[in-house]
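Chains A and B supply the protein sequences, listed in that same order. Residues in the first sequence are numbered consecutively from 8, following this note's numbering. Residues in the second sequence are numbered consecutively from 8, following this note's numbering. Quick reminder that beta carbons are idealized off the backbone N, C-alpha and C, glycines included. Let me begin by presenting the structure, written as structure tokens, before commenting on it.
2 protein chains.
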Amino acid sequence: MAYKRSVLMEERLAGNRERIILATRKLIAAGGFREASIAAVAARAGISTGLIYRHFPSKAELFVDVLTTAVDREIAILQGIVAKGGSAQEQLGAAIESFVRRALAGPNLAYAFIAEPIDIEVDAERIRGRHRFGDIFRGILADGIARGEFPDQDVDVGAACIVGAFTEALVGPTSPTLREARDDTRIVDAIRGFCLRAVGMTN
Amino acid sequence: MAYKRSVLMEERLAGNRERIILATRKLIAAGGFREASIAAVAARAGISTGLIYRHFPSKAELFVDVLTTAVDREIAILQGIVAKGGSAQEQLGAAIESFVRRALAGPNLAYAFIAEPIDIEVDAERIRGRHRFGDIFRGILADGIARGEFPDQDVDVGAACIVGAFTEALVGPTSPTLREARDDTRIVDAIRGFCLRAVGMTN
DNA sequence: CGCTAAAGTGAATATAGATTCATTGTTTGA
DNA sequence: TCAAACAATGAATCTATATTCACTTTAGCG
């Protein structure tokens with residue numbers, strides 16, 4: 008007779024997949040891609056290495072899956088903010104604040120993704136993710152300029168600078184957030200202030 | 008009798024060391040750390056893999072050497088600019104312009120260093136390099152605030168944002184400079200303008 | 001129960017790349 | 001010219017992981 012997976016079984020499978028993804032995310036968050044070896048992921052997920060390959064064709068695809076999922080979530084939130092309307096200044100401020108706050112809330116943010124290359128396949132996705140973030144900000148900038156809110160400026164460079172600025176301030180090695188005694192609100196304000204001024208608001 | 012290297016020999020040795028470093032730098036510039044395998048370095052330098060180990064105890068130390076040398080050079084230039092005095096605004100503008108111009112001049116900048124991790128040892132150095140850049144900008148910022156040129160602001164976050172901004176705009180994946188038809192002056196101006204406004208200059 | 005399909009395992013294999021070292025070539029100083 | 005000391009080579013070795021696959025366990029179904 009044909010083999011039909013019961014609902015319970017179906018759930019277990021999905022659960023395993025979830026546990027693999029979760030384990031990967033945690034390992035990456037804790038110590039970057041380098042920490043997330045297949046053996047480590049398997050151990051953390053409480054399964055065998057072989058089983059991972061039943062769910063993902065390769066380590067690279069597992070990573071890409073984890074990455075895109077995380078980026079999708081952020082992009083959706085940013086788009087939501089833009090969709091809400093308001094002045095370009097409000098949108099930009101809210102977008103940065105949201106991103107920065109979520110990153111700080113971590114505890115150990117998938118955002119580290121934005122900053123660490125490994126293999127070409129994953130890299131491609133990482134870059135795509137960064138571009139998608141850049142596009143959001145480019146849009147807000149262009150809009151603000153069109154509305155006369157911001158002075159005329161190079162939106163490509165501006166978007167790149169904004170992404171670079173808060174990425175570095177948050178997860179980069181220069182980051183003040185890496186040193187203890189963080190005051191989240193202070194950091195959010197500082198980054199938002201920096202970017203808003205940079206874009207032309209006297210604030 | 009004791010063996011004493013002749014001057015000529017001494018020079019050949021030094022030349023080999025130089026060629027190894029140069030080959031490494033070029034390979035890294037062309038395709039990142041990943042391209043710079045020991046085999047590739049040896050091939051490019053026109054020597055054997057074994058010889059590399061006569062000059063450097065490990066691949067990591069070779070990379071660290073190449074990295075620090077490059078960073079040292081940049082830092083010295085930035086310090087020279089600061090030492091020349093002038094208003095904080097002038098110093099900041101000149102420092103950014105210098106850095107950005109040199110990076111654009113490439114041909115294929117050692118600055119990619121700033122953006123790509125590999126092993127812990129090299130990472131440590133990379134991070135130190137970024138900190139050293141950050142320190143320069145933190146200094147200029149603090150000075151400008153003290154002199155009343157810039158509004159009061161968080162210098163730690165500001166410095167990180169500045170480093171992040173031009174790093175991303177130059178070598179990051181979002182970078183507009185990666186796409187052809189570059190207009191160097193336009194990019195320099197855009198980045199400098201962004202950072203100066205961010206710091207509080209109405210410009 | 002007994003039989004099959006799928007889930008799950010983990011030791012064995014494959015691969016890539018750094019590192020070593022036995023060997024060969026060159027330089028030095030008498 | 002010769003022997004010791006050093007430079008240089010590159011195939012062989014070591015290492016670290018990703019990936020496979022022969023096998024064990026469990027679930028579905030008559």
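Contact under 9 Å by Cβ, residue i with residue j
| i | j | result |
| --- | --- | --- |
| residue 176/A | residue 162/B | no |
| residue 201/A | residue 205/B | yes |
| residue 109/A | residue 132/A | no |
| residue 54/A | residue 28/A | no |
| residue 57/B | residue 173/A | no |
| residue 199/B | residue 100/B | yes |
| residue 169/B | residue 98/B | no |
| residue 144/B | residue 207/B | no |
| residue 73/B | residue 136/B | no |
| residue 69/A | residue 191/A | no |
| residue 25/A | residue 34/A | no |
| residue 129/A | residue 195/A | no |
| residue 126/B | residue 67/B | yes |
| residue 197/A | residue 160/B | yes |
| residue 151/A | residue 94/A | yes |
Helix, strand or coil at residue i according to DSSP, with G and I counted as helix
| i | result |
| --- | --- |
| residue 156/B | coil |
| residue 57/A | helix |
| residue 165/A | helix |
| residue 190/A | coil |
| residue 91/B | coil |
| residue 126/A | coil |
| residue 208/B | coil |
| residue 43/A | coil |
| residue 12/B | coil |
| residue 63/B | coil |
| residue 198/A | helix |
beta-carbon residue i near the ligand NAD non-hydrogen atom, thresh 8 Å
| i | result |
| --- | --- |
| residue 198/B | The model depicted lacks the ligand NAD and carries no ligand whatsoever. |
Problem set entry | Contacting positions in the stretch 42 to 55 of chain A - beta carbon closer than 8 Å to chain B | none
Exercise. If you measure beta-carbon to beta-carbon, which residues of the stretch 79 to 98 of chain A are closer than 7 Å to chain B?
Worked result: none
Exercise. Listed from N- to C-terminal order along the chain, which residues in the stretch 164 to 176 of chain B have their beta-carbon within a distance smaller than 9 Å of any beta-carbon of chain A?
Worked result: 164, 165, 166, 167, 168, 169, 170, 171, 172, 173, 174, 175 and 176
Exercise. Taking Cβ-Cβ distances below 8 Å as the criterion, which residues of the stretch 141 to 167 of chain B are in contact with chain A?
Worked result: 141, 160, 161, 163, 164, 165, 166 and 167
For this session: Determine which residues of the stretch 8 to 29 of chain B have a Cβ less than 7 Å from any Cβ of chain A, and write them out in chain order.
Result: none
Exercise. Touching or not, the stretch 71 to 87 of chain A and the stretch 134 to 151 of chain A, by the rule of three or more beta carbon pairs under 8 Å?
Worked result: yes
For this session: Would you be able to state if there are at least three C-beta pairs under 8 Å between the stretch 97 to 108 of chain A and the stretch 39 to 51 of chain A?
Result: no
Exercise. Listed from N- to C-terminal order along the chain, which residues in the stretch 188 to 205 of chain A have their beta-carbon within a distance smaller than 9 Å of any beta-carbon of chain B?
Worked result: 193, 194, 196, 197, 198, 200, 201, 202, 203, 204 and 205
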